[in-house]
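Okay, structure first, notes after.
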Amino acid sequence: MTENLLLAFGLTLIAGLATGIGSILAFFTSSTNTKFLSLALGFSAGVMIYVSMIEIFVKAEEALVSYAGPGTGNWLTVGGFFGGILIIALIDKFIPKSGNPHEVKKVEEVKSVGKKVKDPELLKMGTFTALAIAIHNFPEGIATFTSALQDPALGIAIAVAIAIHNIPEGIAVSVPVYFATNDKKKAFTLSFLSGLSEPVGAVLAYLLLMPFLNDMVFGIIFAAVAGIMVFISLDELLPAAQKYDEAHLSIYGLIGGMAVMALSLLIMN
Numbered sequence: 023m024t025e026n027l028l029l030a031f032g033l034t035l036i037a038g039l040a041t042g043i044g045s046i047l048a049f050f051t052s053s054t055n056t057k058f059l060s061l062a063l064g065f066s067a068g069v070m071i072y073v074s075m076i077e078i079f080v081k082a083e084e085a086l087v088s089y090a091g092p093g094t095g096n097w098l099t100v101g102g103f104f105g106g107i108l109i110i111a112l113i114d115k116f117i118p119k120s121g122n123p124h125e126v127k128k129v130e131e132v133k134s135v136g137k138k139v140k141d142p143e144l145l146k147m148g149t150f151t152a153l154a155i156a157i158h159n160f161p162e163g164i165a166t167f168t169s170a171l172q173d174p175a176l177g178i179a180i181a182v183a184i185a186i187h188n189i190p191e192g193i194a195v196s197v198p199v200y201f202a203t204n205d206k207k208k209a210f211t212l213s214f215l216s217g218l219s220e221p222v223g224a225v226l227a228y229l230l231l232m233p234f235l236n237d238m239v240f241g242i243i244f245a246a247v248a249g250i251m252v253f254i255s256l257d258e259l260l261p262a263a264q265k266y267d268e269a270h271l272s273i274y275g276l277i278g279g280m281a282v283m284a285l286s287l288l289i290m291n
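Following this note's numbering, the numbering of the sequence shown begins with 23 at its first residue and continues without gaps.
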């Protein structure tokens, strides 16, 4: 149990702090590799959709049916799933478009804005984007932590998928701050810190949920996690992948992510 806890916290930390990788890439890259970005985001979406519907939803249903019986258990599973979707949708609703991490931009697009508009508003833009990403990533931290706690192999897959999609978010934070302050350290720090909300989400999940963890609580959390990850995939990852799509790479990435996840689950089971 202790080993699983440490692994769950570690995976959540790694996934969240991938925003720092995006920040570093933004400083040393003049253009975006659109083919790789499209493929990687599609792959991430494939992993998250497959594992949510085939593994996480099923485990949530098993736990809730075991606790409340087939009828009530199935209703609770579906309610938890759409409840998770509602939570992340409401978070998106209250984040303005300009600061929404779903509005993924290329490195060169963000840099061109910085060069043309050198004013204090850029610092405000970068700071607000960091705050928006922190709020948005909070439930992702809970998703990674609870998944890794229940099944380490599952947690690793989810952590990798979330880390991939956190990289462009780091770019969105660091570049405006850098052009506003001409301070790479400050830009990197703000980008890095924006990812800390994921391990914070893990800590709160541990402190608030672990004392009450039984089949019902676990099942509802897992069902909500499935809903959150499906929403993120459909609302963020796939549209971003298709924005930079070349020769259907986003779909190839999507199918590849599903295939890798399916194969890994077969091997693990």
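Just so you know, even glycine gets a beta-carbon here, dropped at the ideal spot from N, CA and C.
| query | Are the region 220–231 and the region 23–35 in contact at 8 Å, needing three or more beta carbon pairs? | reply | yes
| task | Evaluate contact between the region 157–171 and the region 240–249, counting only Cβ atoms and requiring at least three cross-stretch pairs below 8 Å. | result | yes
| Under the rule that 16 or more other beta-carbon atoms within 10 Å means buried, what is ASP205, buried or exposed? | In the sequence shown, residue 205 corresponds to position 183, counting from 1. So ASP205 counts as exposed.
| query | Around the C-beta of SER272, are 16 or more other C-beta atoms found within 10 angstroms, so that it is buried, or is it exposed? | reply | Taking the sequence shown and counting its residues from 1, one reaches residue 272 at position 250. With 16 or more other Cβ atoms within 10 Å, it is buried.
| said: Rounded to the nearest angstrom, what separates ALA262 and PRO198 at their Cα positions? | reply: Your numbering for residue 262 matches position 240 in the sequence shown. Your numbering for residue 198 matches position 176 in the sequence shown. Between ALA262 and PRO198, the C-alpha separation is close to 20 Å.
| message | Here's a check: name, in chain order, each residue in its chain whose Cβ is nearer than 6 Å to the Cβ of LEU63, leaving out the five neighbours to either side. | response | Stepping through the sequence shown from its first residue, residue 63 is reached at position 41. Around LEU63: LEU259, ALA262 and ALA263.
| Residue span of the alpha helix (DSSP H) that contains PHE240, given as start and end | The count along the sequence shown starts at 1 and reaches residue 240 at position 218. Per DSSP, PHE240 belongs to the alpha helix (DSSP H) from 237–254.
| Length of the line joining the Cα atoms of ILE242 and PHE201 | The residue you call residue 242 lines up with position 220 of the sequence shown. The residue you call residue 201 lines up with position 179 of the sequence shown. Looking at the two C-alpha atoms, the distance is approximately 44 Å.
| query | From TRP97 to PHE79, what does the alpha carbon distance come to, in whole angstroms? | reply | As a first step, residue 97 is located in the sequence shown; it is residue number 75 there, counting from the start. As a first step, residue 79 is located in the sequence shown; it is residue number 57 there, counting from the start. If I take the Cα positions, the gap works out to 12 Å.
| Cβ neighbours of ILE184 in the same chain (closer than 7 Å, five flanking residues each side left out) | Your numbering for residue 184 matches position 162 in the sequence shown. Contacts found: ALA37, GLU162 and THR166.
| said: Buried or exposed for ILE22, going by 16 or more other Cβ atoms inside 10 Å? | reply: In the structure as shown, the chain begins at 23 and stops at 291. Residue 22 is therefore absent and cannot be evaluated.
| query | Relative to the C-alpha of LEU86, which residue among MET238, PHE31 and ALA181 is closest? | reply | Along the sequence shown, one-based indexing puts residue 86 at 64. The option with the nearest alpha carbon to LEU86 is MET238.
| task | Helix, strand or coil for ASN159, going by three-state DSSP, please let me know. | result | Taking the sequence shown and counting its residues from 1, one reaches residue 159 at position 137. Correct three-state label for ASN159: helix.
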